[in-house]
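Step one of this worksheet: look at the structure below.
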Amino acid sequence: MSRLRGSQEEQMGTWKGAMADFCMSMMTLFMVLWIVSITDAEQREGLSGYFSGPGSISSFTTGHSVIDFKMSVNETLGEWKPPHLEMDEYDDSAEGNLLLEESQFSNPYVVELLKIKQYQDNLRMEEVEDGLLIQLVETDDQPMFKLGEYELTYFFEDILFELGPLLEKSGHDIRIIGHTDSTPFSSDSYRNNWTLSYARANNVREVLNYLGMNNSRFVAVSGMADSQLLDEDNARAAVNRRVELLVLHKYEEMPVTL
Numbered sequence: 040m041s042r043l044r045g046s047q048e049e050q051m052g053t054w055k056g057a058m059a060d061f062c063m064s065m066m067t068l069f070m071v072l073w074i075v076s077i078t079d080a081e082q083r084e085g086l087s088g089y090f091s092g093p094g095s096i097s098s099f100t101t102g103h104s105v106i107d108f109k110m111s112v113n114e115t116l117g118e119w120k121p122p123h124l125e126m127d128e129y130d131d132s133a134e135g136n137l138l139l140e141e142s143q144f145s146n147p148y149v150v151e152l153l154k155i156k157q158y159q160d161n162l163r164m165e166e167v168e169d170g171l172l173i174q175l176v177e178t179d180d181q182p183m184f185k186l187g188e189y190e191l192t193y194f195f196e197d198i199l200f201e202l203g204p205l206l207e208k209s210g211h212d213i214r215i216i217g218h219t220d221s222t223p224f225s226s227d228s229y230r231n232n233w234t235l236s237y238a239r240a241n242n243v244r245e246v247l248n249y250l251g252m253n254n255s256r257f258v259a260v261s262g263m264a265d266s267q268l269l270d271e272d273n274a275r276a277a278v279n280r281r282v283e284l285l286v287l288h289k290y291e292e293m294p295v296t297l
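Quick note, our numbering runs 39 ahead of the 1-based positions in the sequence shown.
Encoded structure:
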């Protein structure tokens with residue numbers, strides 16, 4: 040009895056599937072007719088080329104993965120473009136950026152870092168003895184962290200989404216140093232600014248690792264508390280709250296022996 044019931048139910052379901060296919064075909068036909076009726080000849084030719092052209096698919100594929108890191112696709116990718124500059128192409132018009140005319144950083148992925156101008160108030164770069172120093176700097180209108188917390192705000196995550204692919208492809212090792220201002224701080228999680236500054240630097244490392252940078256590239260992660268203030272006249276200034284990425288010269292990338 041159950042076998043017969045199953046056979047009857049299968050036969051009854053067959054016509055439903057056929058009906059669904061028919062309805063879908065009719066809806067597709069009406070959509071095509073509607074599109075044809077509202078487009079002119081030039082637009083129809085463009086649509087035809089899009090669906091039939093040999094490079095139609097590859098031309099719309101960027102090759103960059105989109106990581107959902109608490110933000111939208113537009114916030115994630117921004118206006119990032121694959122690196123392509125040579126050293127003599129760099130435009131040094133952005134205030135505060137250093138033109139590396141005779142820099143040891145001839146790697147085009149590192150040079151491309153200097154093109155990121157939309158964050159120039161919060162992103163500083165200069166060449167130092169050990170390498171290229173990149174500073175993520177807080178401002179009064181753009182905090183990097185909530186008070187007493189270590190997780191980056193979305194704005195500074197956006198900056199790392201710009202920097203991450205370039206740093207990963209550069210081949211240079213990196214040191215990460217966290218800094219705080221002189222505001223006294225203590226909580227159940229962090230006893231003082233030393234532990235807090237380290238936690239913030241380590242959060243930057245975690246984000247870069249999330250974006251694909253291998254942990255072996257980080258030669259050191261440290262916290263300096265308020266021992267190296269940028270604005271010594273105002274020890275609680277926002278600019279003192281920062282995280283530094285030191286992109287090391289190749290010859291600096293040797294293991295330290297004790």
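All C-beta atoms, glycine included, are put in the ideal place defined by N, C-alpha and C.
Item: Segment limits, alpha helix (DSSP H) that includes G203; Value: Y193 to S209
Item: Per-residue burial, R244 [other beta carbons within 10 Å of its own, 16 or more giving buried]; Value: buried
Item: Proximity to E207 [Cα-Cα], best of E166, R239 and N254; Value: N254
Item: Which listed residue (T67, I173, T222 and A264) has its alpha carbon closest to that of A238; Value: A264
Item: Three-state secondary structure (DSSP) of I216; Value: strand
Item: Spatial neighbours of E190 in its chain, beta-carbon cut-off 8 angstroms, leaving aside the 5 residues before and after; Value: F184 and N242
Item: Environment of V75 [buried if 16+ CB atoms lie within 10 Å]; Value: exposed
Item: T219 vs S236 beta-carbon contact at 8 angstroms; Value: yes
Item: Residue range of the unbroken beta strand (DSSP E) whose run includes L171; Value: G170 to V176
Item: Three-state secondary structure assigned by DSSP to L247; Value: helix
Item: Spatial distance of D180 from R256 (CA atoms); Value: 32 angstroms
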